[in-house]
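Notes follow once the structure below has been shown.
In UniProt numbering, the protein residues as written are 1 to 720.
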């Protein structure tokens with residue numbers, strides 16, 4: 001009996017040891033983030049590597065430099081360990097902090113051959129997963145594969161040459177087809193049997209589409225045709241055959257010339273189809289795929305143009321009754337009625353920085369550092385342009401809340417997280433889909449009420465990196481102020497100095513967002529210079545952050561300023577003058593927009609807002625779709641995404657009572673979670689960002705940890 005008891009104790013201890021190993025072996029790290037698996041792989045301890053892998057160690061864990069155990073084994077030439085790691089699904093495509101995959105760090109030809117073979121096998125395995133998911137209509141798996149690291153070729157083929165789009169179409173997987181088309185799949189690819197993808201009419205619920213379309217030919221130029229899309233076939237006709245209209249023809253008298261009568265007779269012959277239902281017996285058929293593809297992509301990739309419900313009137317609610325006790329106080333800790341919000345989280349509002357991503361692409365396209373600085377400076381100005389007339393307050397993000405956005409048309413993907421609640425800090429990172437830029441930063445908005453205005457100071461550093469030129473630019477945003485809080489029409493201005501610094505060349509762009517002044521003559525104006533590292537003026541930049549930005553020779557700009565009396569008379573030096581002398585009504589804008597100086601070059605112009613913008617919180621077209629929840633996102637985005645917040649969704653749908661109730665419930669839930677953490681001494685841990693020095697100027701910042709796009713969200717808390 002005693003022996004049995006001893007054996008039971010030994011078994012129990014062994015189980016505890018195994019459990020502890022399975023929990024800690026993959027998480028325990030030494031200095032520089034090295035795990036036991038890193039160390040064993042580096043020093044060639046094969047038996048230890050195998051035991052660690054059997055215990056559940058992550059074969060793809062990365063240290064602080066981004067190296068995996070496979071990097072270390074390849075670097076030290078450990079062939080057996082390389083094979084062992086590959087057997088346990090070690091990824092051969094992971095990029096480390098120096099932009100190298102495992103095969104780039106070794107000079108051993110055998111190891112390079114093994115890793116290349118593993119790359120091919122891994123690529124093919126991902127392609128087979130994509131093809132199978134397309135056949136089954138598994139949108140979640142398709143989205144994860146296409147948005148994750150090492151995404152498979154969207155035009156990969158199976159044994160008979162079918163692409164994922166073919167596979168989805170043959171099975172009638174409508175939603176999967178939409179997702180593939182949005183991700184860039186081309187329907188004009190043939191399989192091995194020479195068959196194109198055919199869009200059946202029942203697949204999209206469209207029986208027939210017809211209308212006029214212009215077509216260009218080499219010799220005749222552009223000509224109008226009547227086209228009919230039916231059963232996946234596009235037919236071209238010279239004219240419409242029947243339009244359900246009654247036509248009357250005037251018969252010419254005998255006094256008309258023979259030529260006139262003959263011309264009209266021929267015209268009636270040609271157009272007789274309008275009255276008789278005549279159809280050309282041999283319509284001109286041709287390959288419709290390019291036209292059909294463009295038509296379908298136009299429909300499928302279009303985002304919504306309005307919100308489900310218009311905004312509520314705020315005229316019957318007095319904000320003074322709420323703010324009169326808060327003069328000079330920090331407003332981030334004060335609960336505001338939901339009526340003063342707009343149906344977006346602050347994380348979504350930050351995403352509007354990316355509306356003019358084309359400026360980053362322009363910067364990447366030029367080899368001149370000064371031209372790049374012009375584009376980056378314009379991008380910094382355009383980032384605040386969305387605030388024009390936006391007097392609604394975005395919802396405060398909950399701790400742990402996230403937001404992602406992928407825009408294939410603009411070439412970027414974005415992820416952000418609320419990393420701190422008191423003080424509120426939002427961290428974000430955007431990446432070019434072609435890995436051509438990285439845009440990241442953190443914002444801690446400081447809101448203060450000054451009696452007649454609310455001032456928002458967005459403390460935090462913003463960084464743009466262009467790997468092609470090994471350049472990094474940093475800057476901070478200007479201060480935003482909302483006027484006439486008590487009485488009068490609300491209006492917004494931006495003021496303060498913004499300096500965009502190129503850390504590689506030392507060049508900088510120093511800009512001043514001018515305060516309005518007493519008579520509003522400086523309203524929305526931005527002026528500044530691009531300087532070299534010795535602070536010599538290279539060119540001037542001027543414009544309005546609400547409209548456009550120009551660049552001109554600095555001497556020409558200085559001469560223009562001296563002769564422009566209007567600019568010199570009403571120049572104010574600091575924000576206090578704006579606060580002390582602000583008018584009660586919104587200052588009238590100048591009759592003309594920006595006065596263009598001869599010889600100027602336009603570098604940015606704001607995208608016009610839609611006609612219905614005033615009904616929907618003054619949203620731009622870009623902002624309209626930020627909270628759009630597409631069916632393909634279900635099961636893909638994390639449960640912490642802002643799109644899933646019930647209070648924002650209720651407000652967007654026009655249910656103000658439900659929005660208010662949900663807002664209170666979420667705030668109370670967040671308070672209870674904080675109390676429970678304080679009782680248990682558990683500290684909140686961010687998921688996707690960590691605090692640390694900015695790599696370019698060593699200022700305190702929040703840096704992306706990687707891993708978000710792997711789509712593993714099982715460890716995230718329930719915050720809604």
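Using N, Cα and C, we set each Cβ at its ideal position, and we do this for glycine too.
| Query | Result |
| --- | --- |
| Does residue 211 pass the burial test, meaning 16 or more other C-beta atoms within 10 Å, or should it be called exposed? | exposed |
| Go ahead and label residue 418 buried or exposed: buried means 16 or more other beta carbons lie within 10 angstroms of its beta carbon, across all protein chains shown. | buried |
| Which residues in the same chain as residue 375 place their Cβ atom closer than 6 Å to its Cβ, once the five residues preceding and following it in sequence are excluded? | 359, 362 and 363 |
| Using DSSP's beta-bridge definition, name the partner residues of residue 641. | 402 |
| Roughly how many whole angstroms lie between the Cα atoms of residue 68 and residue 341? | 45 Å |
| For residue 92, which three-state DSSP category applies? | coil |
| So, are the CB atoms of residue 498 and residue 475 less than 8 Å apart? | yes |
| Quick test of your reading: residue 313 and residue 395, contact by CB under 8 Å. State the CB separation rounded to the nearest angstrom. | That pair is no contact at about 19 Å. |
| What are the boundary residues of the beta strand (DSSP E) that includes residue 544? | 537-544 |
| Just verifying my parser: in three-state terms, what is the DSSP assignment at residue 123? | helix |
| Are at least three pairs of beta-carbons, each pair with one atom in the segment 85-105 and one in the segment 134-141, less than 8 Å apart? | no |
| Evaluate contact between the segment 667-682 and the segment 386-395, counting only Cβ atoms and requiring at least three cross-stretch pairs below 8 Å. | no |
| So, for residue 602: in the same chain, excluding its five sequence neighbours on each side, which residues have a beta-carbon less than 8 Å away from its beta-carbon? | 548, 549 and 550 |
| Cα-Cα, which of 506, 54 and 445 is closest to residue 472? | 506 |
| Using a Cβ-Cβ cutoff of less than 7 Å, which residues in the same chain neighbour residue 650 once the five nearest sequence positions on both sides are dropped? | 658, 659 and 662 |
| By the 10 Å Cβ neighbour count, where 16 or more other Cβ atoms means buried, how is residue 338 classified, buried or exposed? | buried |
| Report the residue ranges of all alpha helix (DSSP H) runs contained in full by the segment 122-194; include only those spanning at least 4 residues, in chain order. | 139-147, 164-170 and 174-182 |
| Excluding the five sequence neighbours on either side, which residues of its own chain have a C-beta within less than 6 Å of the C-beta of residue 405, listed in chain order? | 351 and 414 |
| Would residue 347 be called buried (16 or more neighbouring beta carbons within 10 Å of its own) or exposed? | buried |
| For a test of the three-state rule: what should DSSP assign to residue 415, helix, strand or coil? | strand |
| For my contact list, residue 141 and residue 133 are in at a C-beta cut-off of 8 Å; report their separation, rounded to the angstrom. | 4 Å |
| Among the residues of its own chain, which have a CB less than 8 Å from the CB of residue 616, if the five just before and after it don't count? | 306, 307, 310, 311 and 624 |
| Drop a sphere of 10 angstroms on the beta-carbon of residue 426, count the other beta-carbons inside from all chains shown, and report buried for 16 or more, exposed for fewer. | buried |
| For residue 65, count neighbouring C-beta atoms within 10 Å of its own C-beta (all shown protein chains included) and say buried if the count is 16 or more, exposed if not. | exposed |
| For residue 453, which beta-bridge partners are listed by DSSP? | 483 |
| Name the two residues that bound the continuous beta strand (DSSP E) containing residue 729. | Since the first residue of the chain shown is 1 and the last is 720, residue 729 is not available in this structure. |
| Between the C-alpha atoms of residue 453 and residue 343, what's the straight-line distance to the nearest angstrom? | 22 Å |
| Quick check: what's the CA-CA separation for residue 36 versus residue 52? | 8 Å |
| From the DSSP secondary-structure annotation, give me the bridge partner or partners of residue 342. | 394 |
| From what residue to what residue does the alpha helix (DSSP H) around residue 648 run? | 646-652 |
| Might you give, ordered along the chain, the residues of its own chain that have their beta carbon closer than 6 Å to the beta carbon of residue 445, omitting 5 neighbours on each side? | 456 and 458 |
| Report all residues from its chain with a CB closer than 7 Å to the CB of residue 75; omit the five preceding and five following residues, and keep chain order. | 105 and 106 |
| Is the Cβ of residue 425 closer than 8 Å to any Cβ of chain B? | Chain labels in this structure do not include chain B; a single protein chain is all it has. |
| On a CA-only basis, which of 527, 367, 653 and 152 is nearest residue 784? Give me that one, please. | Nothing about residue 784 can be reported from this structure: the residues present for the chain run from 1 to 720 only. |
| Near residue 12, what residues of its chain come up, given a Cβ to Cβ distance below 7 Å and the 5 sequence neighbours on each side ignored? | none |
| Quick check: what's the CA-CA separation for residue 61 versus residue 687? | 16 Å |
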